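Take a look at the structure set out below.
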Amino acid sequence: MEKRDIFLYGTSAFTASTLMVLLYRYLNRRRKNVYETRKLVNSYLMFHYGNPSEVLAFDFGPKDAIDFPVRCAEMCTMYLEKDIPSTAIDIGCAVGRSTFELARHCQDVVGIDYSKMFIDSCNDLKMYGKLHYQVTTEGCLYSEHDAIVDESIDRRRVSFLCGDACNLPSDLGQFGCVLAANLICRLQNPYSFLERLPSLVVPGGIVVLTCPFTWLKEFTPKALWLGGYKDSSGNPVNSFDTIKRYLERDFELLETKDMPFFIRETARKNQWSVAQTSIWKRHKAL
Numbered sequence: 001m002e003k004r005d006i007f008l009y010g011t012s013a014f015t016a017s018t019l020m021v022l023l024y025r026y027l028n029r030r031r032k033n034v035y036e037t038r039k040l041v042n043s044y045l046m047f048h049y050g051n052p053s054e055v056l057a058f059d060f061g062p063k064d065a066i067d068f069p070v071r072c073a074e075m076c077t078m079y080l081e082k083d084i085p086s087t088a089i090d091i092g093c094a095v096g097r098s099t100f101e102l103a104r105h106c107q108d109v110v111g112i113d114y115s116k117m118f119i120d121s122c123n124d125l126k127m128y129g130k131l132h133y134q135v136t137t138e139g140c141l142y143s144e145h146d147a148i149v150d151e152s153i154d155r156r157r158v159s160f161l162c163g164d165a166c167n168l169p170s171d172l173g174q175f176g177c178v179l180a181a182n183l184i185c186r187l188q189n190p191y192s193f194l195e196r197l198p199s200l201v202v203p204g205g206i207v208v209l210t211c212p213f214t215w216l217k218e219f220t221p222k223a224l225w226l227g228g229y230k231d232s233s234g235n236p237v238n239s240f241d242t243i244k245r246y247l248e249r250d251f252e253l254l255e256t257k258d259m260p261f262f263i264r265e266t267a268r269k270n271q272w273s274v275a276q277t278s279i280w281k282r283h284k285a286l
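Below, the structure is given as structure tokens:
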């Protein structure tokens, strides 16, 4: 065997082994992805579609934190002007409640999420209008529930895609409204998402961002956090200040507000959080 043949053989073997390693790492990461588990899908179905008595069994609980996905959609439609295209995209749509709610007012709505299991649930809800699921009450005990899309919503207006918010398809087009609810602090590279936003929104269109800024290294490398750390001079860096710096060139900040949300884990253990919400309007062409 000539040296050239040995080199080519060695290169092919190296390439194949490298691809196998990369594939293993990808599949292993996919398996470890918390958003690809039935338990979390069920939890989010309750978060999105559960009625108040299912989500919160106690009268003294924070009832104003329920129906967060509905309130997000209402924030969008509140600011969407009549002369702007009646189209919307819900990036990080999870199991789709906000996407469906946006279809009450928009003619064409796209929901996109990185989790295949989330998108599969969305498509089942689009096709059948409801989806059965279980949630834990205590230990190995669980209760049965149905996620139901309101019959008054035209589900034909909605479509769902599996995709990466940090690397969105180039042919998505532009929308009158972009919603990204509790997404930014779960992205691998939130800067790339912020840089893409202007190209997704028509002039005069709006962006609604909500985020509790719960940065974690397992989702976002610390070097890519928008805030939650001190800079080289020892000054604290705030996530929203970074967002403003990236968006203010192309958008006008219309409003900021705090929005509570409530995620049921068991009958007695739950998450109560507060997302900072900001509404932005894309500058119109001169």
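Just so you know, UniProt numbering puts 90 at position 90 of the sequence shown, and the rest follows in order with no gaps. We put the beta carbon where it would ideally sit given N, CA and C, even for glycine. Source: prediction; values computed, not measured.
field: CB contact flag (Cys-122, Phe-175, <8 Å)
entry: No.
field: Residue burial classification, Pro-52 (beta-carbon count within 10 angstroms, cutoff 16)
entry: The C-beta of Pro-52 has fewer than 16 other C-beta atoms within 10 Å across all chains shown, which makes the residue exposed.
Reduced DSSP category for Arg-31 - H, G, I as helix; E, B as strand; rest coil: Since pLDDT at Arg-31 reaches only 43, below the 50 mark, its modelled position is unreliable, and the value read off the structure follows with that caveat. In this structure, Arg-31 counts as helix in the three-state DSSP scheme.
query: Using DSSP with H/G/I as helix, E/B as strand and the rest coil, what is Arg-38?
result: Reduced to three states, the DSSP call for Arg-38 is helix.
- request: Over the uninterrupted alpha helix (DSSP H) stretch that includes Arg-71, give me the two end residues.
  value: Arg-71 -> alpha helix (DSSP H) spans 68–79.
task: Just the C-alpha distance for Phe-193 and Leu-253, rounded to the nearest angstrom, thanks.
output: Roughly 18 Å separates the two Cα atoms.
message: Threshold first: 3 residues or longer. Then list the beta strand (DSSP E) segments lying entirely within the stretch 43–123, N to C.
response: Here the runs fully enclosed are 87–91 and 108–113.
message: Let me check understanding here. Comparing Cα to Cα, which of Thr-266, Trp-272 and His-283 lies closest to residue 288?
response: Outside the shown range of the chain, which is 1 to 286, sits residue 288, and nothing can be said about it.
Beta strand (DSSP E) segments (min. 3 residues) lying fully within the stretch 196–241: Runs of the beta strand (DSSP E) inside the stretch 196–241: 201–211.
- prompt: Hey, how far is the Cα of Leu-226 from the Cα of Tyr-79?
  reply: The alpha-carbon atoms of Leu-226 and Tyr-79 are separated by roughly 26 Å.
query: Excluding sequence positions up to five away, which residues of its chain have a Cβ less than 8 Å from the Cβ of Gln-134?
result: Around Gln-134: Asn-42, Tyr-142, Ser-143, Glu-144 and His-145.
query: Under the rule that 16 or more other beta-carbon atoms within 10 Å means buried, what is Val-95, buried or exposed?
result: Buried is the call here.
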